[in-house]
Amino acid sequence: MTGAMFLGWRYLAHHRFKSSILIASITLMLFLPAATRLLVEDSATALTSRADQTPLVLGARGSELELVLNTLYFHAELPAEIEYRTLVSAQSRGLANFIPIHSKFQAQGAPIVGTSLDYFEFRALKIASGRQIGLLGECVIGANVATRLGLGPGDSIISSPETVFDIAGVYPLKMTIAGVLEATGTADDAAVFVDVRTSWIIQGLGHGHADLARPQAGAAVLSRRDDIVTANASLTQYAEITRDNISAFHFHGSAESFPLTSVIVVPPDQKNATLLRGRFQDNELLQLVVPGTVLDDLLETVFAVQNYVILGLAILSFATIAVITLVFLLSQQLRKGEFQTLLRIGASRSYVSVLIASEIGFVFLISALLAAGLTVATRYYAMQVLQTFLTL
Amino acid sequence: MINIKELTFRYRGRGPNLSSSFGMCVAEFTVPLGASTALVGPSGSGKTTLLGLIAGTLRADSGSIHVNDQAITDFNDGELGRYRIRNVGQVFQAFELLGYLTVIENILLPWYISGDGRKFDIRKRAADLLRSVGLDSKQSAMPGELSQGEQQRVAVCRAMLNNPPVLLADEPTGNLDRENKQNVVDLLVEQAKRNNSTLLMVTHDESLLDKFDSVLDMRQVAVPYDAESQR
Amino acid sequence: MIFLRTLLISVVLLAAACGGDDGQTSSASPLATESKNTLVVTSNYPLYFFASRITAGVSTAPEIVFPDIDGDPASWIPDAEQIQLLQSADVVILNGAGAEPWLDLITIDRRRLLDTSVGFTDRLIPLEGAVAHQHGPEGEHSHQGMAFTTWLDPKLAIAQAHVVTNELIELAPIGEKQFRDNLAKLQQELMELDSQLAKAFTRLNGEPVLFSHPVYQYLQRRYGINGESVHWEPGEEPTTSAWIALQQILATHPATIMIWEDEPMLSTAERLSNASIAIVPFHTAANRPEEGDYFGIMRDNVERLGIGR
Chain U
0 MTGAMFLGWR YLAHHRFKSS ILIASITLML FLPAATRLLV EDSATALTSR
50 ADQTPLVLGA RGSELELVLN TLYFHAELPA EIEYRTLVSA QSRGLANFIP
100 IHSKFQAQGA PIVGTSLDYF EFRALKIASG RQIGLLGECV IGANVATRLG
150 LGPGDSIISS PETVFDIAGV YPLKMTIAGV LEATGTADDA AVFVDVRTSW
200 IIQGLGHGHA DLARPQAGAA VLSRRDDIVT ANASLTQYAE ITRDNISAFH
250 FHGSAESFPL TSVIVVPPDQ KNATLLRGRF QDNELLQLVV PGTVLDDLLE
300 TVFAVQNYVI LGLAILSFAT IAVITLVFLL SQQLRKGEFQ TLLRIGASRS
350 YVSVLIASEI GFVFLISALL AAGLTVATRY YAMQVLQTFL TL
Chain E
0 MINIKELTFR YRGRGPNLSS SFGMCVAEFT VPLGASTALV GPSGSGKTTL
50 LGLIAGTLRA DSGSIHVNDQ AITDFNDGEL GRYRIRNVGQ VFQAFELLGY
100 LTVIENILLP WYISGDGRKF DIRKRAADLL RSVGLDSKQS AMPGELSQGE
150 QQRVAVCRAM LNNPPVLLAD EPTGNLDREN KQNVVDLLVE QAKRNNSTLL
200 MVTHDESLLD KFDSVLDMRQ VAVPYDAESQ R
Chain D
0 MIFLRTLLIS VVLLAAACGG DDGQTSSASP LATESKNTLV VTSNYPLYFF
50 ASRITAGVST APEIVFPDID GDPASWIPDA EQIQLLQSAD VVILNGAGAE
100 PWLDLITIDR RRLLDTSVGF TDRLIPLEGA VAHQHGPEGE HSHQGMAFTT
150 WLDPKLAIAQ AHVVTNELIE LAPIGEKQFR DNLAKLQQEL MELDSQLAKA
200 FTRLNGEPVL FSHPVYQYLQ RRYGINGESV HWEPGEEPTT SAWIALQQIL
250 ATHPATIMIW EDEPMLSTAE RLSNASIAIV PFHTAANRPE EGDYFGIMRD
300 NVERLGIGR
């Protein structure tokens, strides 16, 4: 019967166009539900994995989902800000480690995350090349940022101005890249990490300029009265922090009033976590959320939608199978003469049946292999696709 | 040798009136081994039916058909299929090559069906056959790329692949021009002689009859089926 | 035969692979623990000296490191390697009182910082002559703060040494007794230094003194020195206005001694000499000396005070 299979294969190979259409249809029919399920499951796993690794998140009262998405995935939708004093005050009680997050700005399409060295230890982020952030104004970038922008240690990246037309708004800051992080397959790969004080400088809460006390300040001085010097608008602020001008950088106001978008809270044990949650439960201005719980609610909706999508695809599959069956039946009709020739030459009816079956079998086998290959490729590239989606 | 005795055959009609179906009776019919015989007669005289009965694609209602001492009327469907593929080479008026196979693959079609013989030997035989008909360069061509005469020559090679003792040709020159008719008939007769096959060819073309050892008029071989007399 | 040989080799390799880990585990004593080398980095030389003296002879003590700093640690901005050293330290011992302005410029885990002057913030001396500036809506602010050479007052130095000792005990509890013994010896020596300095400055008898640089505030307070400070650098020629300002100071503060961080330029020395002002180098010991140690520097200072007188 290998002869029959050979004839079946030759028929398909000769009628490439028809065969390709059939294979493509069946491949899609098999692949789409699998890919949908894969993407949904992978995204759920990715979301829950990162959420489960993050015990608690502290932020301003409001949308819990917005708070969690911005903290975990540096989502562009910003929660309301809280003051740094919240972290200082909470830290002083010694119930947990508090990691500041200030994720408000972007640099060439990548979110700038102002934080502390604790974040890197918490997320087990390692330096692939270069070194860790050292001086103010330095940054380390995620692996995807490095690849996308073709940057490495020693290069620079400029923060994006919030608005081109706001003259008094946020100025871009040119940051030196100290290092590139190892790829982790998480949202960290697509981010630019700076000391939280650097992000405050980007926000305009700190800056560097010539020393107004020196006579060289010249035209930038509006007036000198006793020990108070007032500058005028011509005072140039440094757009880049270098070793030469870093001493000139300073902040106005108390750091405790400076903003954070959230705080990652890492209690040493469940008891401390419970105590902390109790402390913030009735706080009108702040909320302490469990990211896993927040995302579970989101995922319930996602899975419900997934089921509807797969149901729709299943209905479509039935229709596809019906059409494919019709195509095969019509094909058999048209090939009646060919089958008669085979019978007349000496083939048995079962031989002809095997020939037809092998054609159908080859089509389904190739489709199944293609669908499997596409599914594997989807699994391989799913995380990159998801990261792009989750950090937008 | 082909021997038919007291054979009756009737095509089944669609209605309950069976007497309206075509049928024929053959009292005695013999074709010697290795002989080439032209089968002539008016349309409807049963020429194609006779070939079908000898090939085993049609079943006699009664009587016997012996082909080289094989009583094919006793065969079941499977045995008939194996008998046909191994013992009968057929050439059809419409060539009936498979358009999705190359020339050499069309010739190998009987081997794809039977699986008899070693692949190497069979492929060599197919190539030799193709060379013998002057189409060696067309091995990889598709049937659609050949002229009608070339297609029929390929069909003859296909029929000869398994060295069949019986070669049946049903108006193989019907779709060919004058020159190709002569060439194809010469080829059939030559291949039959070379292989010592018994050739039975249906034809309406009288100009071809002198190429055969004998000519049989179907009216002398079979009579129309008489339902009354059979009852 | 070949099959058997192959099988035998495979079995041997498999056994070796499985046995390797067991071999390592079984040879290690369950009681032997590898002690992690705790790293302590200090922000100036005096603290490095104190920590080294306190940990002397204690094998389980942390490693004490003071980075190689060019020039005055107060104006030091760590380079990349030095920042990595600070970041990798288990504890960074700071002088505090604003002696480490570079702290605001680097990224470091603030929980690992130990401020040795936090216990006497009420005794810190604010700097005079701070210039505030303002621009924009934020209002005025100043860049200067506190005097930071606290180690020039042996009493404050002792307080700092205590803070260092407590931290070292936290890091290496096994060495507590030795640490405390070493601290007692250090404290004794600092008290002796205090007496020597007191004696040296008492001989001034309230005589006006000039300081070349405003870094002697704690010395001045401790020993009741009647001093005024200018802002001169040993390696720089004072400007004409600087000399004029000096004259103005001398008009109301007729000093005959000028205490310098280091030997001034010859021209400066000559001119001061012409003005009957004796130069007394008094090294602050903020950075690691090429020769000697903290006490060596301070004893030399005491000796020069006597000579200068």
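Which chain is which? The protein sequence lines are U, E and D, in order.
Just so we're aligned: 320 in numbering that gives the first Met the number 0 is position 321 of the first sequence, and the numbers increase by one with no gaps anywhere.
Just so we're aligned: 95 in numbering that gives the first Met the number 0 is position 96 of the second sequence, and the numbers increase by one with no gaps anywhere.
Just so we're aligned: 56 in numbering that gives the first Met the number 0 is position 57 of the third sequence, and the numbers increase by one with no gaps anywhere.
Cβ atoms here follow ideal geometry from the backbone N, Cα and C, with glycine treated the same way.
Query raised in the report: If we count Cβ pairs, one from each stretch, closer than 8 Å, do we get three or more for the stretch 165-182 of chain D versus the stretch 207-216 of chain D?
Result: no
Query raised in the report: In whole angstroms, what separates the C-alpha of T172 (chain E) from that of E95 (chain E)?
Result: Our two residues, T172 (chain E) and E95 (chain E), have alpha carbons roughly 13 Å apart in a direct line.
Requested in this report: Mind checking who W259 (chain D) pairs with in its DSSP beta bridge?
Outcome: D:P280
Requested in this report: Alpha carbon to alpha carbon, how far is A43 (chain U) from G367 (chain U)? Give it in angstroms, no decimals.
Outcome: The question names Gly, yet the displayed sequence has Ala at residue 367 (chain U). In a straight line, the C-alpha of A367 (chain U) is about 26 Å away from that of A43 (chain U).
Query raised in the report: Using 8 Å as the limit for Cβ to Cβ distance, is R9 (chain U) near chain E?
Result: Yes, R9 (chain U) lies at the interface with chain E (some Cβ there is under 8 Å from its Cβ).
Report task. Please confirm if the stretch 81-96 of chain E is in contact with the stretch 351-359 of chain U, defined as three or more CB-CB distances below 8 Å between the two stretches. Result -> no
**Report entry** Endpoints, alpha helix (DSSP H) assigned at N194 (chain E)
**Finding:** R177 to N194
Report task. Please name the residue, chosen from U:L37, U:F16, U:S246 and U:V179, that lies closest to T377 (chain U) on a Cα-to-Cα basis. Result -> U:L37
Query raised in the report: With burial defined as no fewer than 16 other Cβ atoms inside 10 Å of the residue's Cβ, what is the status of R122 (chain U): buried or exposed?
Result: buried
Query raised in the report: By Cβ distance below 7 Å, which residues in the same chain neighbour E283 (chain U) in space, the five residues on each side in sequence not counted?
Result: These residues qualify, in order along the chain: R60.
Query raised in the report: If you pair each beta-carbon of the stretch 74-92 of chain U with each one of the stretch 131-151 of chain U, do three or more pairs fall below 8 Å?
Result: No contact exists between the stretch 74-92 of chain U and the stretch 131-151 of chain U.
**Report entry** Within chain E, the residues that E337 (chain U) reaches when beta carbons sit closer than 7 Å
**Finding:** L97
**Report entry** Cβ contact (3+ pairs, closer than 8 Å) linking the stretch 327-336 of chain U and the stretch 62-77 of chain U
**Finding:** no
Report task. Determine, using beta carbons only, whether L104 (chain D) comes closer than 8 Å to chain C. Result -> Among the protein chains of the structure shown, namely U, E and D, there is no chain C.
Query raised in the report: Does the Cβ-Cβ distance between Q159 (chain D) and T149 (chain D) come in under 8 Å?
Result: yes
**Report entry** Neighbour-count burial assignment, H203 (chain E), 16 or more Cβ in a 10 Å radius
**Finding:** exposed
Requested in this report: Tell me, please, whether the CB atom of I22 (chain U) is closer than 8 Å to any CB atom in chain E?
Outcome: no
Report task. Just confirm the distance between the C-beta atoms of G95 (chain D) and V117 (chain D), as a whole number of angstroms; I'd bet it's less than 8 Å. Result -> Contact holds; Cβ gap of about 6 Å.
Query raised in the report: Any contact of the stretch 119-129 of chain E with the stretch 163-172 of chain E, i.e. 3+ C-beta pairs under 8 Å?
Result: no
Report task. Flag P109 (chain E) as yes if its beta-carbon sits less than 8 Å from any beta-carbon of chain U, otherwise no. Result -> For P109 (chain E), the answer is yes, since a Cβ of chain U falls inside 8 Å of its Cβ.
Query raised in the report: Quick one: does A285 (chain D) have its CB under 8 Å from some CB of chain U?
Result: no
Query raised in the report: Which chain D residues sit within Cβ distance under 8 Å of D296 (chain U)?
Result: None at all; the shortest Cβ gap to chain D is about 35 Å.
Query raised in the report: Since L21 (chain U) contacts I323 (chain U) with CB under 8 Å, what's their CB separation in whole angstroms?
Result: Contact between L21 (chain U) and I323 (chain U) holds, with the beta-carbon distance rounding to 6 Å and staying under 8 Å.
**Report entry** Min CB distance P76 (chain D) to chain U below 8 Å
**Finding:** Sequence inspection shows Ile at residue 76 (chain D); the Pro mentioned does not correspond to that position. Residue-level contact check: I76 (chain D) touches chain U, since one or more beta carbons of chain U fall below 8 Å from its beta carbon.
Query raised in the report: Interface residues of chain U around Q89 (chain E) at Cβ under 8 Å?
Result: R343 and I344
Query raised in the report: Bridge partners of T114 (chain U), per DSSP?
Result: U:D194
Report task. For the alpha helix (DSSP H) holding R278 (chain U), just list the boundary residues, first then last. Result -> Q269 to F279
Query raised in the report: Which residues bound the beta strand (DSSP E) around E188 (chain D)?
Result: That residue, E188 (chain D), is in no beta strand (DSSP E); its alpha helix (DSSP H) goes E175 to T201.
Query raised in the report: Mind checking P45 (chain D): buried by the 16 CB within 10 Å criterion, or exposed?
Result: The residue is buried, with at least 16 neighbouring Cβ atoms inside 10 Å.
Query raised in the report: Mind checking whether G22 (chain E) and R218 (chain E) have CB atoms under 8 Å apart?
Result: no
Report task. Kindly identify the DSSP beta-bridge partner or partners of T7 (chain E). Result -> Paired residue(s): E:C24 and E:S61.
Query raised in the report: Could you give the distance in angstroms between the alpha-carbon of Y293 (chain D) and the alpha-carbon of T59 (chain D)?
Result: 24 Å
Query raised in the report: Out of curiosity, what's the CA-to-CA distance linking T164 (chain D) and A182 (chain U)?
Result: 42 Å
Query raised in the report: Shortest alpha-carbon distance to E65 (chain U) belongs to which of U:W8, U:V289 and U:L124?
Result: In terms of Cα proximity to E65 (chain U), the closest of U:W8, U:V289 and U:L124 is U:V289.
**Report entry** Same chain, Cβ closer than 7 Å to W75 (chain D), five either side skipped, listed in chain order
**Finding:** If you ignore the 5 residues before and after W75 (chain D), its C-beta comes within less than 7 Å of the C-beta of I68 and W101, all in its own chain and listed in chain order.
Query raised in the report: Alpha carbon to alpha carbon, how far is T54 (chain D) from I126 (chain U)?
Result: 34 Å
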